[in-house]
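4 protein chains.
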Amino acid sequence: MDTRIKAGGRSAKPYEHNRARMLISCPDGPGIVAAVSHFLHQHGANIVQSDQYTMDPEGGMFFMRIEFDLEQLADRVAGLKADFQTIADKFEMQWNLYPLSQKKKIAILVSKEDHCLVELLWHWQAGDLDADISMVISNHPDMKEYVESFGIPYYHIPVTPDTKAEAERKQLEIINGKVDLIVLARYMQIVSPSLIEPYRNRIINIHHSFLPAFVGGKPYAQAYDRGVKIIGATAHYVTEELDGGPIIEQDVQRVSHRDDVSELKRIGRTIERVVLARAVKWHIEDRILVHQNKTVVFI
Amino acid sequence: MDTRIKAGGRSAKPYEHNRARMLISCPDGPGIVAAVSHFLHQHGANIVQSDQYTMDPEGGMFFMRIEFDLEQLADRVAGLKADFQTIADKFEMQWNLYPLSQKKKIAILVSKEDHCLVELLWHWQAGDLDADISMVISNHPDMKEYVESFGIPYYHIPVTPDTKAEAERKQLEIINGKVDLIVLARYMQIVSPSLIEPYRNRIINIHHSFLPAFVGGKPYAQAYDRGVKIIGATAHYVTEELDGGPIIEQDVQRVSHRDDVSELKRIGRTIERVVLARAVKWHIEDRILVHQNKTVVFI
Amino acid sequence: MDTRIKAGGRSAKPYEHNRARMLISCPDGPGIVAAVSHFLHQHGANIVQSDQYTMDPEGGMFFMRIEFDLEQLADRVAGLKADFQTIADKFEMQWNLYPLSQKKKIAILVSKEDHCLVELLWHWQAGDLDADISMVISNHPDMKEYVESFGIPYYHIPVTPDTKAEAERKQLEIINGKVDLIVLARYMQIVSPSLIEPYRNRIINIHHSFLPAFVGGKPYAQAYDRGVKIIGATAHYVTEELDGGPIIEQDVQRVSHRDDVSELKRIGRTIERVVLARAVKWHIEDRILVHQNKTVVFI
Amino acid sequence: MDTRIKAGGRSAKPYEHNRARMLISCPDGPGIVAAVSHFLHQHGANIVQSDQYTMDPEGGMFFMRIEFDLEQLADRVAGLKADFQTIADKFEMQWNLYPLSQKKKIAILVSKEDHCLVELLWHWQAGDLDADISMVISNHPDMKEYVESFGIPYYHIPVTPDTKAEAERKQLEIINGKVDLIVLARYMQIVSPSLIEPYRNRIINIHHSFLPAFVGGKPYAQAYDRGVKIIGATAHYVTEELDGGPIIEQDVQRVSHRDDVSELKRIGRTIERVVLARAVKWHIEDRILVHQNKTVVFI
Chain A
1 MDTRIKAGGR
11 SAKPYEHNRA
21 RMLISCPDGP
31 GIVAAVSHFL
41 HQHGANIVQS
51 DQYTMDPEGG
61 MFFMRIEFDL
71 EQLADRVAGL
81 KADFQTIADK
91 FEMQWNLYPL
101 SQKKKIAILV
111 SKEDHCLVEL
121 LWHWQAGDLD
131 ADISMVISNH
141 PDMKEYVESF
151 GIPYYHIPVT
161 PDTKAEAERK
171 QLEIINGKVD
181 LIVLARYMQI
191 VSPSLIEPYR
201 NRIINIHHSF
211 LPAFVGGKPY
221 AQAYDRGVKI
231 IGATAHYVTE
241 ELDGGPIIEQ
251 DVQRVSHRDD
261 VSELKRIGRT
271 IERVVLARAV
281 KWHIEDRILV
291 HQNKTVVFI
Chain B
300 MDTRIKAGGR
310 SAKPYEHNRA
320 RMLISCPDGP
330 GIVAAVSHFL
340 HQHGANIVQS
350 DQYTMDPEGG
360 MFFMRIEFDL
370 EQLADRVAGL
380 KADFQTIADK
390 FEMQWNLYPL
400 SQKKKIAILV
410 SKEDHCLVEL
420 LWHWQAGDLD
430 ADISMVISNH
440 PDMKEYVESF
450 GIPYYHIPVT
460 PDTKAEAERK
470 QLEIINGKVD
480 LIVLARYMQI
490 VSPSLIEPYR
500 NRIINIHHSF
510 LPAFVGGKPY
520 AQAYDRGVKI
530 IGATAHYVTE
540 ELDGGPIIEQ
550 DVQRVSHRDD
560 VSELKRIGRT
570 IERVVLARAV
580 KWHIEDRILV
590 HQNKTVVFI
Chain C
599 MDTRIKAGGR
609 SAKPYEHNRA
619 RMLISCPDGP
629 GIVAAVSHFL
639 HQHGANIVQS
649 DQYTMDPEGG
659 MFFMRIEFDL
669 EQLADRVAGL
679 KADFQTIADK
689 FEMQWNLYPL
699 SQKKKIAILV
709 SKEDHCLVEL
719 LWHWQAGDLD
729 ADISMVISNH
739 PDMKEYVESF
749 GIPYYHIPVT
759 PDTKAEAERK
769 QLEIINGKVD
779 LIVLARYMQI
789 VSPSLIEPYR
799 NRIINIHHSF
809 LPAFVGGKPY
819 AQAYDRGVKI
829 IGATAHYVTE
839 ELDGGPIIEQ
849 DVQRVSHRDD
859 VSELKRIGRT
869 IERVVLARAV
879 KWHIEDRILV
889 HQNKTVVFI
Chain D
898 MDTRIKAGGR
908 SAKPYEHNRA
918 RMLISCPDGP
928 GIVAAVSHFL
938 HQHGANIVQS
948 DQYTMDPEGG
958 MFFMRIEFDL
968 EQLADRVAGL
978 KADFQTIADK
988 FEMQWNLYPL
998 SQKKKIAILV
1008 SKEDHCLVEL
1018 LWHWQAGDLD
1028 ADISMVISNH
1038 PDMKEYVESF
1048 GIPYYHIPVT
1058 PDTKAEAERK
1068 QLEIINGKVD
1078 LIVLARYMQI
1088 VSPSLIEPYR
1098 NRIINIHHSF
1108 LPAFVGGKPY
1118 AQAYDRGVKI
1128 IGATAHYVTE
1138 ELDGGPIIEQ
1148 DVQRVSHRDD
1158 VSELKRIGRT
1168 IERVVLARAV
1178 KWHIEDRILV
1188 HQNKTVVFI
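Protein chains in written order, with the numbering used here: chain A, 1 to 299; chain B, 300 to 598; chain C, 599 to 897; chain D, 898 to 1196.
Listed below in structure tokens is the structure:
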């Protein structure tokens, strides 16, 4: 039996049924860590991991990620959240609590290039991406059979200048409220603003990056003409400003004059898939907080 | 006036007069973070940075690094430490508290190769190493004039098979109790066991590293013969087992068949100085905890 | 239609029909480059790429890789080779000539872990691996359906202590003389010596690498216990000495104390697939020469 | 005796007295390698290293670097050059021949930041930079004593808006014709166009680089605000377009949200000095050819 094709995601490790993560952002001030850790201790939770960071020690923002275990979490999570709101109000916190047993649902959007999609599916199959891939949406039909062989629904929504509005309406209808995270895995269309607002800091895009950046079309050809020695890729959250949202992860690889434009693109694809997979994994593991146009990533 | 030669170290930033760091290791259990953060809050301290890590969630060790500000720290540090001992006893903590105003004192030991020494002095001159370099000790006289031009005492202690015991006695006399950290900056002699014990986890050594490792003499020649594609360096704390102590930092660089043995050595020197400088910086900034033969480095 | 599943390899670029590569090793001496380039020029060939390297300028070995175009290559290659033998004899050359139109045939051997196999198939599908994958052989049946969906034959040859000899005999029968390259893509069995001899410098293996190396079992657990900061992978040609053959490529990734043994293994898998894919690509592109236990890789 | 301060550069290895390098660029065509290698063989030269590269196989440019030994080179170099001109004319070559015994002379220009200057002097002292450092020129007096301690002349030429023209005239007078290479080691002034023309592809500059690039002032602050995860540096030849010349080398380092603006600058300095040192070394070793706005670097 081919376990690879049939199996998906991974089964939870036993301890994860009672594990949860909190992400907190608030203006810095005395007593925050004490209040939060005292609260958790009082409620019987055991902190297994905790990260804090203060941006600008003089009057800046405070960020915190806590991973904790609590017996019978499922029954107690609603009460825990209600109780915590008092502390959150006192320190003007923005916060979230994610039980690990509630897996995040992902929609992947893809066009013709398959390398990022294949990578994400491989990580998911290998059990390295602790989430549900709920759907793949594409403006092309090419990957339908491949995606469905994993048991994942595939929606083909063609996009043409004439049908753009209608296509966006369909996308919104299929996605909105159904998933927790949208991944643009080389989706070569602009995402509708009507998706960006409800999915703020929950849409991840990947694109190539260069030192220096090249303005205008055909960036790989420009990079080749300038003889760059390093090319890279950037994963970021999508905002209304094209490619201008908070950066989650970047990586690079050395190239040389021997690499022609098609080789540069090939190398670029390899970096893109690695960087996107890391960014998605970190989001799924609640490692990323966003402040203004910047991420704090606790890894 | 040549400010570079005359000036040393750097002046403290104003906020640092009231800043301190704590390093804590103890068996994991509920309530540790709550107890520590509550204690600091009660005493009027404001946590500006905090890292925790639990090794093995089921009954493992807990590690914590806290950076905090406290008004009039100098007057209150003794009382703070005395008060904290109650918490430390309860959780069986090993702990230390380091006010930033008490700069660590460093002894650098060096033989003939100067690259690691030059690097450390450059970082120190640039204000990137917040410590005092109290002395340089060498079994060769070569660097005397250079080191003294920075205003740093230089002790020339020749080591021969006959004079080894006497040399070690002299070293111990000059160093012991006078410095907080010993850096072996390509010191090609075995360090006396009588230094290792009082300076456990406070002696940093640097040496070359290869994938795979090569046993026996002339490792660069062996690496060349095997055609390795990557060479590296490892900084570690010195233990009784030669080159077997807890690893602090490692880095590597790509090489190719074109690099002959002397070029491999040249590249190796560049990696060594970068890796050693990072390890020393992290030690000075109290970022390293040691458990058994392993470091936890909070960066 | 799902082009991804059905299509395989890539179609040749037009210029490649008349392109060939030569690999030459011989004792260094005056006039080699002149003789070879004069020969090719005389025969109407145009050199498009050439690399040379002399190991040890005083009486060492000379290595050369030439890529050239020749009109109507297919009709003339036999004559070209016959003519070249005079030069080869004069300089005591070991040499090969590979027309690009004769694609190399690959056998991939795999056990249960699929990451290296998936990676190679993805590169092949994407047209980045200019070879034919003739077969996949495994001691487990798990990947059968997946591999066959690419139209590639899959041979399941179980290996037990009792059937080892018989299994090796079957393997040899299926592989020997049918393929140009054998790739051990996490094949967890010792390869039969009867395969090593006919496929000298044509069997590529991948394995994890550490700084420092760890002797004995469970290397990831040992690496974790020692707190290594970098882990890596090495691709090498297989020789009679286990994991001791000429190194083709290596790469590494940073890790930290936060990475437990299973996370180290996960990172290790990602490095392994990247390193193996590079090594296979370079072999396919005739970029690797072997001398004694060392590779010269012209990239 | 302090050999470090007094000694400079390095003594030539014996074989280098008869060694030379050629750099050749020309339109690609059949017979170039044959003609050059035949010429050298005829004249009794032995090629010890050779690299070629054809940019765009269909009608593109051809680049070649040859390193060869020739008995009694000093006496024969003039004749060799004269003889070679026939071949050069036939293939429309741009070419140069550099005997290793004629060390290149370097002028280093520096402002207040000393990290790049210190790095270059360290490599030079260590014997890794096979050139003469003929002078250091600065618009500040700070480094005078330090530079002169190496026995290198230091020219302090202040630059103010009023004295700019006069300062450039002085620089030109001191430099022009006296050195082979100008290195801008964090020289924070625009170089006079009257220097760029005679020193085309012989002035190396270093500057920070980011993914993405940031337009306008305070790039490190912008990089911090955007939360970049990688920062870098680029070494390039100086052209009339500010920071737009051919890229020689680039490198990067990972950063995180924990690195504030001053830490980013500190890391940036470390990358700058490594990248600049490599670029200067490669220029000195005649490894760089320039075509249009792009380098071919044979390493």
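Idealized CB from N, CA, C, for every residue including glycine.
- With respect to chain C, the C-beta atom of Trp124 (chain A) has no partner C-beta closer than 8 Å.
- Flagged as an interface residue toward chain A: His713 (chain C), by a C-beta distance shorter than 8 Å.
- Around the beta-carbon of Val514 (chain B), fewer than 16 other beta-carbon atoms lie within 10 Å, marking it exposed.
- With distances taken between CA atoms, Ala522 (chain B) lies nearest to B:His556 out of B:Phe338, B:His556, B:Arg320, B:Glu370.
- With contacts defined by Cβ atoms closer than 8 Å, Leu211 (chain A) and Gln1147 (chain D) form a contacting pair.
- Proximity of Gly928 (chain D) to chain C, defined by a Cβ-Cβ separation below 8 Å, is satisfied.
- Cβ neighbours of Tyr995 (chain D) within its own chain (closer than 7 Å, five residues either side excluded): Ala917, Arg918, Asp1183.
- For Trp992 (chain D), DSSP records a beta bridge to D:Ile921.
- In summary, the residues of the region 243-267 of chain A whose CB is separated from some CB of chain C by less than 9 Å are Ser256, Arg258, Arg266, in the order they occur in the chain.
- From the listed residues A:Pro141, A:Pro158, A:Gln292, A:Glu113, the smallest Cα separation to Gly60 (chain A) is found for A:Gln292.
- Going by beta carbons, Ala185 (chain A) and Leu276 (chain A) fall inside the 8 Å limit.
- Straight across, the Cα-Cα distance linking Asp649 (chain C) with Ile1196 (chain D) is about 11 Å.
- Taking Lys144 (chain A) as the centre and dropping the five residues before and after it, the same chain places the C-beta of Tyr154 closer than 6 Å to its C-beta, in chain order.
- Following the DSSP letters along the chain, one finds His38 (chain A) inside the alpha helix (DSSP H) bounded by residues 32-42.
- When secondary structure is reduced to three states using DSSP, Thr684 (chain C) falls in the helix class.
- Sequence-ordered contacts of the region 1054-1079 of chain D with chain B are nonexistent [C-beta pairs closer than 8 Å].
- Cβ-Cβ separation between Val1149 (chain D) and Gly1129 (chain D): approximately 4 Å, consistent with a contact (criterion under 8 Å).
- The alpha carbon of Val290 (chain A) has as its nearest neighbour, out of A:Gln94, A:Ala45, A:Ser194, A:Tyr187, the alpha carbon of A:Gln94.
- If you check each beta-carbon in the region 941-953 of chain D against every beta-carbon of chain C, the ones closer than 9 Å belong to Gly941, Ala942, Asn943, Ile944, Val945, Gln946, Ser947, Asp948, Gln949, Tyr950, Thr951.
- Separation of His615 (chain C) and Tyr1134 (chain D) (C-alpha to C-alpha, rounded to the nearest whole angstrom) is 39 Å.
- Counting only residues of its own chain and dropping the five nearest sequence neighbours on each side, Val136 (chain A) has a CB closer than 8 Å to the CB of Ala107, Ile108, Leu109, Val110, Leu117, Met143, Val147, Ile152, Pro153, Tyr154, Tyr155.
- Between Gln348 (chain B) and Glu370 (chain B), the CB-CB gap reaches or exceeds 8 Å.
- Fully enclosed beta strand (DSSP E) runs of no fewer than 3 residues occupy 801-808, 828-835, 845-852 of the region 780-863 of chain C, in order along the chain.
- Within the region 478-508 of chain B, Ser508 place their CB atoms closer than 7 Å to a CB of chain C, listed in sequence order.
- Counting only Cβ-Cβ distances below 9 Å, Val573 (chain B) has no contacts in chain C at all, with the closest Cβ about 13 Å away.
- Assignment of Asp972 (chain D) by DSSP, reduced to helix, strand and coil, places it in the helix class.
- Burial check for Asn694 (chain C): the Cβ neighbour count within 10 Å stays below 16, so the residue is exposed.
- Closest option to Gly1024 (chain D), judged by alpha-carbon separation, among D:Lys1191, D:Val1194, D:Ile1181, D:Ile1185: D:Ile1181.
- Judged by their CB atoms, Ser491 (chain B) and Glu467 (chain B) are nearer to each other than the 8 Å cut-off.
- Secondary structure of Ala277 (chain A) (DSSP, three-state): helix.
- Comparing C-alpha distances from Arg824 (chain C) to each of B:Gly543, B:Asp524, B:Ala520 shows the shortest one belongs to B:Gly543.
- Of the candidates C:Asp778, C:Ile780, C:Ile755, the residue whose Cα lies closest to the Cα of Lys768 (chain C) is C:Ile755.
- Using a Cβ-Cβ cut-off of 8 Å, His935 (chain D) is close to Ala632, Ser635, His636 of chain C, given in chain order.
- Annotation: Lys892 (chain C) is outside any alpha helix (DSSP H); the continuous beta strand (DSSP E) that includes it extends over 892-895.
- In the three-state DSSP reduction, Thr1167 (chain D) falls in the helix class (H, G or I).
- The three-state secondary structure of Val716 (chain C), taken from DSSP, is helix.
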